[in-house]
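Everything on this sheet refers to the single structure shown next.
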Amino acid sequence: MYLMMRRFLFLVFAIGLLAQQEVTIRIKGGVPAIRIAVPDFITKTYSNNGKSAATEIEDTFKADLSFSRVFDPLSPSLLSIVKDRNPEKPDLKAWESVGATVLFIGKVVEEPGGKLRFSGKLYDTRTGNFIFGKSYVGKAKFVRLMAHKMGDELLKYFGQPPIFTSKIAFISDRDGNRELYIMDYDGANQIRLTYTKAMEMLPAWSRDGEKIAYTSFRRGTPDLFVRYIYEGRDRLIATGGSNITPDFSLDDNLLLYSSSLPGNYEIYMYNFKNEQRRRITFSPASDLSPKWSPDGRQILFSSDRSGYPQLYIMDRDGSDVRRITFQGSYNASPDWAPDGDRIIYVSRIEGKFNLYLLFLSTSEVIKLTSGLSMNENPCFSPDGRHIVFSSNRSGKYQIYIMDYDGRNLRQLTQRGNNQMPSWSKIKYRR
Amino acid sequence: MKKLAIAFVTLSFLFTLGGCKKKEPVKVVAPGVQAPQKKTEEVKEKPIVKPQVQEENIENMSLEEINRKGYLHRIHFDFDKYNIREDQKPVLIRNAQWLKEHPTVKVLIEGHCDERGTEEYNLALGEKRAKAVRDFLISMGISPDRIKIVSYGKSRPLDPRHNEEAWAKNRRAEFVIIAR
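As they're listed, the protein sequences go chains A and B.
Under my numbering, the first residue of the first sequence is numbered 954, with each subsequent residue one higher.
Under my numbering, the first residue of the second sequence is numbered 546, with each subsequent residue one higher.
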């Protein structure tokens, strides 16, 4: 008893100390950015549509590389130094001399029938080797996808997850009530998926990118559904009580979610194959937002079992529960980075929400957003280098992305309130 | 039920009389105008309007109409709390009385929160508020099978502003009649 008391006092003291300091260290980038030269594309177009499509391909491709934090594209002034632009036999020595380690020669040709062909060649300027060539053909309305696919090939060549074709699911009230939408990672191609005129919320992508689990009030109460987005059908997963915050397992067979069916929110695991569900947590508190660890062995979740929401990790069978957040009195909405070490979450201080990053290996905590607005529902990109979240910093709630260190903030949505983003996953192994 | 009906009739009667008195000045004749003597004499006898009341029977009303009438009143909560505040108990007691007088009515209790919680925890908090209200009504003798609950978290604020006044309004439980 005495020992417990001493431990308790120590804990209170430690929390008090931790709460005082706000760490503002910046982490180092994962890999050194690759210096890539992307001179202006060679284009052969015959119509205005073809011309604008060619421009869009080039702009999209370059924007992808700049966004990635994997590549560090040479500035236009550096590019302009190299005069020899023979696309068939590029002067690789000249490109190396201005700092490029790789060179990308892009070409867009308008084909008969209005289709566009986007081909690209990648060279190693040091060895002088041709690395690979790729070519995509598609209608003008799919030119962004062609650009993203080319970018993905570059990422894969350098051993990085192909994120440019990834998507973001979100909830928008732009047409009156909260419905489910998806868009490209860069905010293009925003598409509405549900027309329930009820309320949808808290979507989560499957790993194969073809399903979205989400909560819908279409039957009056918050029930859990899975939308098969390329089939346009829904499957009811959980009803009775409130059923929210789903997360797909690595093989998409097990869905974690929270249900208030037993009287308070507990974490459940639903098996798509045998349609059985298993309760994982047993506490009188609200256990919410379960997230699979990247290796599938553990579950991250939030619980107010200590009085206010804090983050916990447990084994996938519910055993060995340990608390991981000790700063702040309201920590929720966590997401686990693909590297397994970083956890992003929302912390409430004086009624405002900001995003924090916790390093499990060092227990270090970094504040990523600041200000008096709300920053909510953070979610990592499939490569862990970017974070999507919603914020009302500009008035209404909008969806933003930023890099892992808080840099390069971009607003992706404009109309209505846009919230609760989920970045799609990628099945990718090096 | 009967008592309430009588009280309603009486009230309506008094109200009708009151309304009649107000009409008097119309009959006053402006000076200088020669009015027919007969008519001024007639008004000395105040006419009595025949009392008319409409029977208010919720069985004849649509659910929409019933809910528009607002027989059941919302209650409010403290920040991050879901216990029924002392000052809100009289409202719930009145709601319970009305439900007892209308034993066929079923009600949906909606729990709502202010914006200072995450979507997820506000859904949980709203549910706790709705449950606290349900438990209170049950303790007042209302049958549990007449009560449904739902939480909307912070998704449906009454007041969209971001200040104490708005937050206090938005932390609430609403009553929606779903069967009469």
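Virtual Cβ for every residue (Gly too), placed ideally from N, Cα, C.
Of all residues in the segment 1231 to 1252 of chain A, those with a C-beta nearer than 7 Å to a C-beta of chain B are S1239, L1241 and S1242, reading in chain order. Among the residues facing chain B, A:L1155 is included, as its CB has a counterpart in that chain under 9 Å away. Annotated three-state conformation of A:Y1298 is strand, per DSSP. In the DSSP secondary-structure assignment, A:G1059 is bridged to A:G1073.
Taking A:K1380 as the centre and dropping the five residues before and after it, the same chain places the C-beta of R1160 closer than 6 Å to its C-beta, in chain order.
Taking CB atoms only, B:A641 has no neighbour in chain A less than 9 Å away. With a cutoff of 9 Å on beta-carbon distance, B:V650 and B:A675 are scored as not near each other. With its beta carbon less than 9 Å from one in chain A, B:S700 belongs to the interface. Under the Cβ criterion of 9 Å, B:S684 is not counted among the residues facing chain A.
Sixteen is the threshold: since fewer than 16 other Cβ atoms of the shown chains lie within 10 Å of the Cβ of A:N1224, the residue is exposed.
Considering only B:G615, B:K699 and B:I654, the residue with the shortest C-alpha distance to B:D680 is B:I654. Residues of chain B whose Cβ lies closer than 8 Å to the Cβ of A:Y1357 do not exist, since the nearest Cβ in that chain is about 22 Å away. Spanning the alpha carbons of B:N602 and B:G615 requires a straight line of approximately 14 Å.
When beta bridges are read from the DSSP output, A:Q1364 appears opposite A:Y1353. Counting C-beta atoms within 10 angstroms of its own C-beta, A:L1056 has 16 or more neighbours from the protein chains shown and is therefore classed as buried. Partner residues in the beta bridge of A:R1231, as assigned by DSSP, are A:M1222.
Within chain B, no C-beta atom comes less than 8 Å from the C-beta of A:G1348; the nearest is roughly 10 Å away.
Distance from the Cα of A:G1086 is smallest, within the candidate group A:L1107, A:H1101, A:F1235 and A:K1068, for A:L1107. Looking at the DSSP output, A:W1158 shares a beta bridge with A:I1165.
DSSP places A:I1340 in the uninterrupted beta strand (DSSP E) bounded by H1339 to S1347.
Comparing C-alpha distances from A:L1018 to each of A:E1064, A:I1197, A:A1166 and A:T1118 shows the shortest one belongs to A:T1118.
Using a Cβ distance threshold of 9 Å, A:S1000 and A:G1104 do not count as a contacting pair.
Beta-bridge partners assigned by DSSP to A:V1179: A:A1166 and A:R1188. Considering only A:S1211, A:G1112 and A:L1155, the residue with the shortest C-alpha distance to A:F1254 is A:S1211. Here A:G1140 has L1365 as same chain residues with Cβ atoms under 6 Å from its own Cβ, once five neighbours each way along the sequence are excluded. Taking the CA atoms as reference points, A:N1370 sits about 19 Å from A:G1324. In this chain, A:A1053 is not harboured by any beta strand (DSSP E), its DSSP state being neither H nor E. If you ignore the 5 residues before and after A:L1155, its C-beta comes within less than 7 Å of the C-beta of Y1167, T1168, I1197, T1198 and M1373, all in its own chain and listed in chain order. With contacts defined by Cβ atoms closer than 9 Å, B:R725 and B:H647 form a contacting pair. If you check the CB distance, A:S1286 and A:K1305 do not come in under 9 Å.
Going by C-alpha positions, B:H657 is about 11 Å away from B:E664.
For the 9 Å CB-CB criterion, B:L682 and B:N640 form a contact. Bounds of the alpha helix (DSSP H) holding B:I683 are E664 to S684. Annotation: A:M1152 to A:R1171 spans about 7 Å, alpha carbon to alpha carbon. Of the candidates B:I687, B:V636, B:G662 and B:Y627, the residue whose Cα lies closest to the Cα of B:K645 is B:I687. Between A:T1078 and A:K1046, the C-beta spacing is below 9 Å.
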